[in-house]
Structures are given as structure tokens and as C-alpha cells.
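As C-alpha cells, the structure follows; a few thoughts come after it.
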Ligand SMILES: Cc1cc2nc3c(=O)[nH]c(=O)nc-3n(C[C@H](O)[C@H](O)[C@H](O)COP(=O)(O)OP(=O)(O)OC[C@H]3O[C@@H](n4cnc5c(N)ncnc54)[C@H](O)[C@@H]3O)c2cc1C
Ligand SMILES: Cc1cc2nc3c(=O)[nH]c(=O)nc-3n(C[C@H](O)[C@H](O)[C@H](O)COP(=O)(O)OP(=O)(O)OC[C@H]3O[C@@H](n4cnc5c(N)ncnc54)[C@H](O)[C@@H]3O)c2cc1C
Ligand SMILES: Cc1cc2nc3c(=O)[nH]c(=O)nc-3n(C[C@H](O)[C@H](O)[C@H](O)COP(=O)(O)O)c2cc1C
Ligand SMILES: Cc1cc2nc3c(=O)[nH]c(=O)nc-3n(C[C@H](O)[C@H](O)[C@H](O)COP(=O)(O)O)c2cc1C
Ligand code: FES
Ligand code: FES
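Residue numbers (the numbering used here), protein chains in the order written: chain A, 4 to 314; chain B, 4 to 314; chain C, 45 to 342; chain D, 45 to 342.
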């Protein structure tokens, strides 16, 4: 038997595969297709203090190897989640991460407090990186100072493990990572979507109601992987890697680059049983390579004979 | 007849389709497949003062909808280009842009001077954005101050039209654009490649000798388009858009977003007659829409009913 | 299959009857194989899929998501209405698709033997009670596809008065006409180029019909519509004027098809959901694709 | 084509003779159609393409770039050695490919009738003069594919002494053996699992042969090798020791196939290019894929 268990900033996972926020609903939607108990973890759709309508349609557009979205964090609100969804989620043996966002630091703090009072939540993933809302969201994630301040305030408000989710739009993502680590984050997840755009040439109008939206999917994997590698070298708290993961080999790339766990997002749309297939693939790989503990893989990138660009 | 002629910072082009640097060699290589006279322009492979060996293999890796490269600007050097290639290129009725790079400002200046003395060059594209060389290259393009300084010095050194090529790694690409405009750039081209990475999970080693490389191809188009749209709103000099263009519709998206012309890069590998097909497609589109001058299309993005992310 | 396929057009047999007895099956992701894929009208293809469909009960109005190939371009699955039917050769699923863009173009090039992943059945289908006395079917373009299944169900439940209104750009794009006529259902055709039936929009044809017939504003008469959004909006407003209940099947870009991405949202009238903010939008893939026309913010 | 295909394995006819007379045709991008695509050995497929090949002259050692489908995933064309042959049905191009990854897996799923864009002929093929007296062919795995064409050319130019050394993991992966034997060419086999011929590496088999035969170090004897890099390095060093000229066909990842992307670079010995820096690397697609073993920095 190979050991696939990892620990993400105080949260033990039976395996390192987590369903990413916004691509797995509140988890329950997938139960007809997939045994949720098989997953390492689930990050639920981003929650705000109050129910949130989201952006007008059209909200999505396919691009080559990826998709743009401007959902705008439509959600049922933290209270409805606690009342309607959480009780059902408690029936599963899987780590539940609640993805939270606010328009002000105060909002983030209040959601964090609210969730701290409840049972059945493994940790919070703080979305300081959503490109699809005007106030708050990404604005907190672009500059180290803002990100650090927000982390500090939420840290004070809750004893739940904190995973801070970073945006690739940050001018220097490693700086942001170091700062939130310094302010008490237990782990870091990256990346959120890349700000992109698509135009309908027949109408000369943007294909998303919000003009720009977040790019996700296999298309962004090489950039996301590079960022995870850079950040993992700079911080000592666990890094959770995501961005375009759509096979067990993709997942392994992120872990070899230094990620302690991975999240699977858009790939859940392409193939609703993707998470299970990735978990299975990782186990088979470990067996074939006679690696008995996945931790031996983490950060095992072999750079002999390589150098970052010759001159 | 539809008019597809545009003028890029003093350089008249019969149509707005330019072959991108590093993907079209020195132009001549494509002559068996394509009549070079049909193109709006050609940007030759990046040239340095002296011949340059480039990076060790492996230098390329395919990714979903894109590719990573770390060629490292291998080139025959500016003198060999002037002696061996330029005389042959003069036989064609197509605007020749010479893409230049250096490790120091001094090197950039000297290449610019050297090329100013020669006949048959329409303009210079200054590569301040190559991720694949240690010194110089991208380092100049990441910060507005550096980029401005370099532009100013080259501006003094040559009367050739200057197109400054920006990197998407810039912390704020629009700032860089404004600065180089202020220092006398005649036009701006964006984007160069995105820094990315790929790992061979069987060996745990990077798939490029340089660990990281530049991501190009259709995968990056949505991000490149968004950046071109942002920059085009900030500067008044012509913007040349590129990044993943692989059809006439892609090209039109960039022009509607505000680009005066486009460059086609990686798509030349997928289909060596891509540039011709794009030019043809644009003409057919204009006819079908009864647009008699392509300039009417430039920046015609229709935002009615759209707003950048609701709250 | 070439020759044999004419037979595949025959009206549903026991299948559809079963549908109303058996509860619709829950969605699953299945491997299917293309057994037929040919153009049956200009830019309109019929694709027949074989797979584990014996217990696959799909209601008219429900849909499936097809993965186009095994790569990531195109990335997202595409939604299509689907009919199940049986022949001596087995149980098949058939879809009719219009080539409108990248994905459907790639589909049109696929060859028999190719394998496609299929997720379904998905969404909420058309609803009607056996007390229904008259059904007014209004279809624009490919909108007739999901309605075709409904028509068979209506016939089988013994609803006598069925009126079909179909519109298309041109006569060649009017689908299933012979099939409907074979069932002695009155079909009112409209074409934008006048090549067949009324020269104009199907909604105009529908309006004239309503003007000349008096329907009681009760639940014994129901409109069912599917087609381009403007055509649906017009049909909805006509049904409001005549106080007829109306079910519309909407389309929207989709990523997941199962209600998690929130990408397929359509604006709903607030009051219909006691003004809870998060209910301002409905998911075509889950609350739909079939909605009560009154719910939609047209 | 199923049945008929055994015939397609027959030695080249006039085609290859022509090759040496007519100058090789310049590259073009053509539309081709798959007429045959089946597994002929474990994980090894044979694909036959039809297209405008009447004036398509490809030299052994040269290659083509195939675009896999019309989407962007996989994005880049894949390079393959190709043979042209004629039958009563017309002129075809055949490739043999090993399923090693994503692109070749997708190829293995392709069905007859599918269209593929083909760029070629590309690169520099094998060279030999009619004064050649002995040819030593050393092949590892799929490396035999480009060498097969060469062997026919050698035979046709009347070169009597041809020795073929082929290595593979297992007997089932040794290709074209019956074909070569039918031509009365001595074939020395090596398999890593000992399932056929010498139990070990083909290079070891080659070394033993050289030990037991004296060849004059002149241009009348030439080694031709293709296969995995380590096997080529070993073959090269053996040929150096025995002072025999050696041509090797290299592989490398490719994007353009026509010399512009510089992605396929391999390290060259400097002196061979009077130490000009930019010549430190050679392009497999243009200066190669066939190189003089002496040029390569092994
Ligand atoms: C529930 C449902 C059932 C459907 N049933 C059928 C059917 O039975 N037959 C049929 O031909 N079509 C049907 N459609 C529409 C079909 O899904 C789209 O035409 C198809 O996805 C277009 O894909 P594409 O890649 O060819 O087009 P794209 O290249 O993606 O886009 C081309 C055009 O198609 C439109 N489009 C893209 N995706 C969708 C979508 N999901 N819904 C509506 N329009 C879209 C775009 O707005 C654009 O105008 C259905 C759609 C839904 C939501
Ligand atoms: C001039 C030339 C001629 C060739 N002729 C043949 C042939 O006749 N038959 C045949 O089976 N193969 C041939 N190859 C190799 C063939 O091109 C690769 O096996 C193929 O491109 C792999 O594609 P993939 O997507 O399946 O593999 P990928 O998923 O891209 O990679 C899988 C494995 O294949 C290797 N690979 C990828 N691209 C290449 C490449 N261009 N060259 C070598 N290895 C590569 C990778 O390093 C990796 O180990 C030739 C290569 C060259 C350069
Ligand atoms: C439709 C959609 C909705 C998303 N919603 C959220 C969200 O609510 N909160 C969040 O932190 N990230 C959200 N994301 C971002 C994903 O969690 C993930 O960071 C991103 O998509 C990159 O990973 P991927 O390429 O695997 O999808 C969303 C992504 C998509 C595609
Ligand atoms: C193989 C390769 C080599 C390149 N070499 C250069 C170069 O020498 N100078 C330069 O400015 N850009 C170079 N580029 C970047 C391209 O010109 C272009 O900016 C980038 O690839 C994005 O466009 P695309 O997606 O259309 O390829 C190179 C790109 C590739 C793929
Ligand atoms: S398509 Fe994802 S919610 Fe409807
Ligand atoms: S493959 Fe592009 S230079 Fe050889």
C-alpha cells in the first residue's frame, strides 16, 4: 500500500487531490457521479456574507484549451450554506474547505467569524484573487501590503486553518506569498484565473457581459506550474497548486515542483470523474515507481544539468 | 476593392498581417511555401551584435494549445544578416522589421546604429521582453523606468521607426507602454511569450534545458487580447497585437480591441500558409460586412450593455 | 448503416410510453460510439450513438452533454437534445445538430466508429398532465428537435388536439414534416424566404392562428416552444396575451451541464422567487432548459 | 483496403529508381487522406496516406510533418519518415509509427477517411556514391523505418555487400525481417529479451561483427544508423574506432520542420564549423536529420 496522505497547514487529507472552488458547486451535485469520500478535499463555491446574484449572462466562453468565466461569485450566502448544505456535507469523510470573499476587510472578517462557530469545516480558503467582482476580490491580492493586512485581520478572527488563494495578476506573486505567510496563513493556494478577454467579431462586442473574465483550464497550466515552483521555493508553509490540471501527470508535475497538494477545477467540467481518475493515476504511478509515500515526491524536481537560461 | 493598408508609426503596410519574430526565420525560408510579397510585413529572428549560440536542447515542448520555447535567441549576428540575408529580402515588396536585443543598453544602441546605415529595413522591433536570456532581454521590459531609459537611448541612436516589444511579465504593462511612448517609440508590439514551465514526471526533470521557457500559441490568446485592449486605451501611438493568433477571426479580435496591425507567430508552425489565409480571411470579412477600409474596424469594440464586472 | 436508417425515423415505440411510467434515470457519464453521422438537411446533421442505453430514460426537453474527442480542443462538452429509440439492432440515442461553429463543425467531420463520452440525461424536460386537451407546439429552426419527442409523448397520452407551428429560413430546413403528417397532426409551416407555407415568421403565423381560435385560459391548453430567443420571447408574449400557459426550452452556453459552474445563467423575473437575490438568475442546465415562460425576464 | 495491403509491403518499384535520377521535389503542404491505419506490431502502427503524391519525391532519411487533426490540441505537427510507393490503385505514402505519447496515441485512433495536412519532403536524407562497395546498416527500434528505404536504394544501385543489424526490445518488434530476407540481405538480429537472435544490444552485435571482419578505412564502406540516441552514440564511436564513415539519422522535438524555430537544435562539434559560435548547434530538420556522425557532439 502506498501512502498518499498529506497535511495542509493542519488539515490532514487522505490524498492530495482537492476539487477547486467554483467548479464543484457545494460538492453534493457530484454525488451521483462520484463517491465524494474518495476525494482528498472539496473547496465549495465562494461564499459571501449575503447571497450574491453574480454577473449578467453571457458568463462563459470557451477558448483554445481553456475557458473564460465571469460568474461574479454568485452564491447562496454563508447562512444558507450552513443551514442547507453543510449538514449534508458532514455525512462524507472528506475535508471541506470553504472559499470566502468580501468587498471589504470587515466582510471577510465577519464571514470567517460566522464559519468558525460551525462544525464540519476543515478550513477556509480566502479568495483574494477573484477577477470578477468590482470591489474587493482581486484588489486585495495584487499588492503584498493589502494581502498581508487582510490575512492579519482574518487570522485574528478565526482559529480555523487559513489557506490564502493568490492571483496570478499580482505584480510579484512570490512577494504576496511571503507576506501572507508572515501574517499567519497556514497554507497558500495558487493560481486563480488569469484575466482574459474574447470578442465576437461579427458584432464587435465582448463575448462576456463583463468584457473581461478569468481564464482557466489546460491552457494556463505551464504558467501556473512556473508560479507554483517559484512560490514553493520562497515560503515554508504548504503550497497547494492548481491551474489547468487535467490528468494525474499534470497533478504530479505540480507536486514535483513543490506543491503539497493540488486542486482540480475546470477539468471537472470536461470529465466529471476527473478527480477520481487523477487519484487513481497517482496511486498507480507511485506503485510503478516503488515510491511508498507521496511526500517523497513533493519538491523532488531534479535540476541537474539544467540552468535558468544560459547567457 | 477593400483597403487593407495601415501605417505603423511611419511604416506603410499593404495589409496589417506581419510574421512574428522567431517564428518566420529570416523570411526567405518560407518562400517555397508562400509568396512573401503578399505579407504586410516580416519581423526577422532576433539579432544581436555578435552571432549567438542560443540555449542547449531540449529547447521546445508542446503544451495544451501552446508551446514552450527556450531558444535563447540563437542568431547569426547583425553583420551576417546584413551581408547574407538582407540583399535577398530586398527583392521582395514587404516591410522588413529587424528584431534586436542586447545584454546591455550599449549593445542595443550599437545594433541600432549598425542597422541604420543599411538599406531595405522598414523599422526596428526592440525586444525588451525575451524571457530566455539571462542578462538583458526581459529585464529591461519589466519596469517602466528601465524600458523608458532603453527606448530613449536607442531613439537617439537611430532615425529608423522604433517598435518596442513588451513582455506580459511586466508588473504593469500599460505603464511600460506609456513610458516608452513618452521616450519616443513610434509603435508598440505586444505580447512576447509568458514565462512557463513543464516537467517530465518520469524523470522529475524539467522538459526544457533552461527549466522555464516562453509560452506561446492559441492558449495565451485571451490574455494577450486583454493586454492589447488595455494598452491600446492608454497610448496614442499604434499598437501591434499578437499572442496566439491562428485565424483571421483571431486577428480581427485584436484589431477591434485597438491593434492597428497584428503579428502571427506560433501559428506559422501549425500551418505555414497561415499568414496568407489570415489576409484572405480579413478581406473576405470586410467585403461581407461592406467595410471598405480596415481602419474603420480598428478599436471599434462595442461596449454598449457591457460593464467591467458588476458589484 | 446507410440503408437501414430510414427505419430509424419511425415513431417511438414502447420507449416513450415507459418514460411516463418509469422515473427518469439519474445522470451518468457513458462511453458511446457513433454509428451514423450524416447531413439530413442543409448544415443539419443526424448523429446516432450506440451505448449502454437500455436503462437510459431521457424525457423530451432534457439534454445530454457530448465530449467532442479526447483532446482539450474543443475543451467543453456541447449540449444537445437527444431521443432514444430501439431497433432490431439495439437501443440507440439520436441527436440532430446544426453546424453553427467550431464544435459542431468538428462533429460533422466525425466518422462512424469514433467514441464520444456522453453525460446525461440532464435538466428539466417538458411537463404536461393527462388532463391536457390541446397542445400548441411552436418551433423555430432546430427548436423542433426537442419538441419532436414531446409530440410523440402527447400522442401516446391520447391528447387529440395538437397543432404544430414550425418556422425556418427555407423549406429545406423544415424537419420531420412527413413524419408529423404521417401521424395526422396539422403542421403550419412558415419560411422566411417563402419557399414553403407562410412567407414570414412562425410567430406571426401563430398569432394569426390564436386570433382565429378561442382557447379557454385554463390548464387544458398549453403552449410548448423552442427556438431562437427572440422567437421565444414573441411566443411567450403571445401566450400571455391569450392567457395560455407556455413552456419554453432555452439555450445557453454551458460548461458543466450539472448546475455547478453557474455559467448558463439566464435572468429570471424576481417575484417568481420571492425576491431572493441569488435567485435573480436561473441555471438553464438545472432549473431548465424548459421553463415556464412567466419565470423568464424576457 | 484490409486484404490488399500485404501487397503494399512489396519492394519499391520504379519509384525509388526515379528518386536517384530526379532531383528531390521541394517541400509543399498537401492535403492527404488516411486509407489505412492499423497496428502491425505491438504499439507500432502502419498508416497509408493518399494524396497528390505523383510528383512527391522523398529520399530515404528525409521526413514529413503531419498535422494531427484540425484543432490546436495537439498543436504541433509530428515528424515521421515516409516511403512513397505505387500500386494499381495509385501512389501512396506510408509511415510506420510507434505509439509513445499523446500525438501518436491520437493517431492510432484515427480512422480511414480522415484528412491530414502533410508538409514535406523535409530535411537531408542519406547519401552514398555508386562507388560504395559495402553498407553496414545499424537500426534500433523504429530506427529501421528510414533505413528500409535506404536499403532499397542501395540494392537498386547494385551495392552487393549489405549487412543489416537490427535491435529491438523483443522479437515481435523486429520489423520487415521477411522483407529483407526475401531480398537475400543478411540480417543480424538482437533482442533485449533474447526472444530472437542475439540476446543483448544491437551495438554489441555490431561490434562483434566489426571485430571479425576487416574493412578498409575508405569511402567504399559506409555505416548508416538510426535509433535511440545512446545506440547512435555507441555506433558512432565504433565506426570511429574502425575508421569507417558513418551517417546517423537523429531525432529531436520539432515545431516547424523547416529551419525557422530553432527548436530542434542538437549540439555539433565546433571545429567542424571553424568555430563560428552560431554553428554550435545544428538543426535536425534542416542540416539533418541525417548527419555525419563526426559532426555531432555525442
Ligand atoms: C439544452 C440545450 C439543448 C440543445 N439542443 C440542440 C440540438 O438538439 N441541436 C442543435 O443543433 N443545437 C442544440 N443546442 C445548441 C448547441 O449546443 C450549440 O449550437 C452548440 O453547442 C454550438 O457549438 P459550436 O462549438 O459549434 O459553436 P461555438 O463555436 O461554440 O459558437 C458558435 C455559435 O453557437 C452559439 N452557441 C455556442 N454554445 C451554445 C450553447 N450551449 N447553446 C446555444 N448556443 C450556443 C454561440 O453563441 C455562437 O453563436 C442546444 C443547446 C442547449 C443549451
Ligand atoms: C526526423 C524524424 C523522423 C521520425 N520518424 C519517425 C518514424 O518514422 N516513426 C516513428 O514512430 N517515430 C518517428 N519519429 C519520432 C516521432 O516524431 C515521435 O515519436 C513523435 O513525434 C512523438 O509524438 P507524441 O505526441 O506521441 O509524443 P509526445 O507525447 O510529444 O512525447 C512522448 C515521447 O516522445 C518523444 N518525442 C516527442 N516528440 C519527438 C520528436 N519530434 N522526435 C523524437 N521524439 C519525440 C518525447 O521526448 C517523449 O519521450 C521521428 C522523429 C524525427 C525528428
Ligand atoms: C466557472 C468557474 C468559477 C470559479 N469560481 C471560483 C470561486 O468562487 N472562488 C475561487 O476562489 N475560485 C473560483 N474559480 C477559480 C478556480 O477555483 C481555479 O482557481 C481556476 O479555475 C484555475 O484552475 P483550473 O484551471 O483547474 O480551473 C472559478 C473557476 C471557474 C472556471
Ligand atoms: C520558437 C520561438 C522563437 C521566438 N523568438 C523570438 C525572438 O527572437 N524575438 C522576439 O521578439 N520574439 C520571439 N518569439 C516570440 C514571438 O515573436 C511572439 O511574441 C510570441 O510567440 C507570441 O505570439 P504567438 O502566440 O503568435 O506565437 C519567439 C517565439 C517562438 C515560439
Ligand atoms: S452549465 Fe454549469 S451551471 Fe449550467
Ligand atoms: S523544427 Fe524548427 S528549426 Fe528545426
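All residues carry an ideal CB built from backbone N, CA and C; glycine is no exception.
Min CB distance residue 210 of chain C to chain A below 9 Å: With 9 Å as the cut-off, residue 210 of chain C does not count as an interface residue toward chain A.
Beta-carbon contacts of residue 308 of chain D that lie in its chain and below 6 Å, excluding the five residues immediately before and after: Here the set comprises 296, 298, 327, 328, 329.
Test: residue 316 of chain C CB closer than 9 Å to a CB of chain A: Residue confidence for residue 316 of chain C is low, a pLDDT of 47 falling below 50, so the modelled location carries little weight and cannot support an answer.
Neighbour flag for residue 158 of chain C against chain D, beta carbons, 9 Å: It does; some Cβ of chain D falls within 9 Å.
Same chain only: Cβ atoms within 6 Å of residue 250 of chain B, ignoring 5 sequence neighbours per side: Hits under 6 Å: none found.
First through last residue of the alpha helix (DSSP H) which encompasses residue 278 of chain A: Secondary structure note for residue 278 of chain A: its alpha helix (DSSP H) is the uninterrupted segment 277-291.
Residues near residue 77 of chain D in its chain [Cβ-Cβ closer than 6 Å; skip 5 each side]: Taken in chain order, the residues that qualify are 94, 159.
Run of the alpha helix (DSSP H) containing residue 285 of chain D, from where it starts to where it stops: According to the DSSP assignment, residue 285 of chain D belongs to the alpha helix (DSSP H) that extends over 273-285.
Residues bridged to residue 142 of chain C (per DSSP): Paired residue(s): C:88.
Residue 232 of chain D, DSSP secondary structure in three states: It is a strand residue.
Straight-line Cα distance separating residue 219 of chain B from residue 198 of chain B: Straight-line Cα distance between these residues: approximately 9 Å.
Coarse secondary structure for residue 83 of chain D, derived from DSSP in three states: Correct three-state label for residue 83 of chain D: strand.
Minimum C-alpha distance to residue 303 of chain D - residue among B:11, B:12, B:25, B:241: Ranking the options by Cα distance to residue 303 of chain D, first place goes to B:25.
Helix, strand or coil at residue 209 of chain A [DSSP, three-state]: Three-state result, residue 209 of chain A: strand.
Pairwise C-alpha distance: residue 292 of chain C and residue 120 of chain A: Distance between the alpha carbons of residue 120 of chain A and residue 292 of chain C is about 44 Å.
Closer than 9 Å to chain A by CB, residue 54 of chain B: So no, residue 54 of chain B is outside the interface.
Residues near residue 123 of chain B by beta carbon distance below 7 Å, same chain, minus five either side: These residues qualify, in order along the chain: 89, 92, 93, 99.
Contacts of residue 67 of chain B in chain C (Cβ-Cβ under 7 Å): Result: 116.
Any chain D beta carbon closer than 9 Å to residue 104 of chain B: So no, residue 104 of chain B is outside the interface.
Residue 43 of chain B Cβ short of 8 Å to ligand 4 heavy atom set: No, the Cβ of residue 43 of chain B stays beyond 8 Å of every heavy atom of ligand 4.
Outcome for residue 145 of chain A when other beta-carbon atoms lying within 10 angstroms are tallied against a minimum of 16: It counts as buried.
Check: residue 307 of chain C C-beta below 8 Å from any heavy atom of ligand 5: For ligand 5, at least one heavy atom lies less than 8 Å from the Cβ of residue 307 of chain C.
Residue 241 of chain A vs residue 190 of chain A beta-carbon contact at 9 Å: Cβ distance < 9 Å, so residue 241 of chain A and residue 190 of chain A count as in contact.
For residue 250 of chain C and residue 282 of chain C, believed in contact at Cβ under 8 Å, the rounded distance: 6 Å between Cβ atoms; contact.
Buried or exposed by the 16-neighbour rule on C-beta atoms within 10 Å, applied to residue 134 of chain C: Residue 134 of chain C is exposed by the Cβ-count criterion.
Cβ contact (3+ pairs, closer than 8 Å) linking the segment 206-219 of chain A and the segment 147-166 of chain A: Cβ pair count under 8 Å is below three, so no.
Any chain D beta carbon closer than 9 Å to residue 221 of chain A: Chain D, which has a Cβ nearer than 9 Å to the Cβ of residue 221 of chain A, makes this yes.
Best match in C:178, C:223, C:254, C:154 for proximity to residue 205 of chain C [C-alpha to C-alpha]: For the options C:178, C:223, C:254, C:154, the alpha carbon positioned closest to that of residue 205 of chain C is the one of C:178.
Element boundaries [beta strand (DSSP E), containing residue 230 of chain A]: No beta strand (DSSP E) holds residue 230 of chain A; the alpha helix (DSSP H) holding it covers 224-237.
Residue 236 of chain A classed as buried or exposed, judged by whether at least 16 other C-beta atoms fall within 10 angstroms: Residue 236 of chain A should be labelled exposed.
Residues near residue 254 of chain B in its chain [Cβ-Cβ closer than 7 Å; skip 5 each side]: Hits under 7 Å: 20, 248, 265, 281, 285.
Contact with chain A by residue 298 of chain C, beta-carbon distance below 9 Å: With 9 Å as the cut-off, residue 298 of chain C counts as an interface residue toward chain A.
Cβ-Cβ distance between residue 271 of chain C and residue 154 of chain C below 9 Å: The Cβ atoms of residue 271 of chain C and residue 154 of chain C lie no closer than 9 Å to each other.
Cβ pair count under 8 Å reaching 3, the segment 88-105 of chain D against the segment 164-174 of chain D: The segment 88-105 of chain D makes contact with the segment 164-174 of chain D: 3 or more CB pairs, one atom from each, lie closer than 8 Å.
Contact set for residue 49 of chain D: own chain, Cβ-Cβ below 7 Å, skip 5 residues either direction: For residue 49 of chain D, the predicted structure reports a pLDDT of 42, less than 50, and the residue's modelled location is therefore unreliable. The matter cannot be settled from this model.
Neighbour flag for residue 175 of chain B against chain A, beta carbons, 9 Å: True, the Cβ-Cβ gap to chain A drops below 9 Å.
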